[in-house]
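S.K.: My structure is below; once you've seen it, I'll send some questions.
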Amino acid sequence: MHANESIGQPSRSAYARDLAVQPNGVTGGRAVWIAMPEPHRALDHFAAMGLQASPGRTCPRLGALAHEIPVAPGQSLLILEADGPGPTREFIATRADAGVMGVSLLVESEAAIGARAAALELAPDWHPGLFGDSLIVPGSHAMGLYLEFIRPASSH
């Protein structure tokens with residue numbers, strides 16, 4: 000036992016391990032999606048802070064153009080703007096301003112995500128995404144937050 004531990008209390012490393020094991024196989028975050036009606040003002044503010052966005056990339060499944068802003072190694076903000084009808088336009092229409100629409104998560108096991116999708120009565124349809132093949136769980140199945148599970152690279 001270490002000096003900073005109490006009898007009957009788990010060590011910090013044991014506590015961290017317990018939190019790190021996710022039933023859906025998530026190993027980490029990749030991106031937070033922020034949808035907004037006029038992203039160019041926000042992109043200018045990020046640029047003034049030294050955070051440059053990529054040119055917009057089309058996300059047909061979301062009906063969006065996504066501007067990626069790297070914020071840490073392997074982690075990004077995705078600034079989404081509506082690009083035709085679809086989930087992004089619907090999300091923006093329900094808010095007065097910008098909001099967090101979803102998150103992209105890395106997973107260790109395609110099978111674990113497939114099982115979770117089946118439990119939600121969703122077809123485990125993997126499609127090309129911005130960061131590799133992914134499965135998107137719509138906000139209607141996740142308390143309003145879209146969840147993108149990114150397939151492990153070795154599963155392709």
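Numbering (numbering that gives the first Met the number 0), first residue to last: 0 to 155. Glycine is no exception: its CB is placed at the ideal position from the N, C-alpha and C atoms.
1) May I ask you to verify whether the region 106-114 touches the region 35-49, counting CB pairs closer than 8 Å and requiring at least 3?
2) Which residue marks the beginning of the beta strand (DSSP E) containing Leu144, and which one marks its end?
3) Within a Cβ cutoff of 8 Å, which residues of the same chain sit near Gln74, ignoring the five residues on either side of it in sequence?
4) In angstroms with no decimal places, state the Cα-to-Cα distance between Ala141 and Gln51.
5) Only counting runs of 3 or more residues, tell me where the beta strand (DSSP E) segments fall wholly within the region 36-67, in order along the chain.
6) Bridge partners for Leu79 per DSSP, in chain order?
7) Among the candidates Glu80, Leu144 and Ile68, whose CA atom is the shortest distance from the CA of Val99?
8) So Pro86 is in the alpha helix (DSSP H); what residue range does that whole segment cover?
9) For Pro127 and Ser133, what's the separation of their Cα atoms in angstroms?
10) If you draw a straight line from the alpha carbon of Pro54 to that of Thr26, how long is it in whole angstroms?
11) Any idea what DSSP makes of Ser108, helix, strand or coil?
M.R.: If we stick to the structure as given:
1) Output reads no: the region 35-49 does not touch the region 106-114.
2) Run containing Leu144: none; DSSP gives neither H nor E here.
3) Gly28, Arg29 and Ala30
4) Distance between the alpha carbons of Ala141 and Gln51: 30 Å.
5) 56-58
6) Ala34 and Ala65
7) Leu144
8) Pro86 to Ala92
9) The alpha-carbon of Pro127 is positioned some 6 Å away from that of Ser133.
10) 28 Å
11) coil
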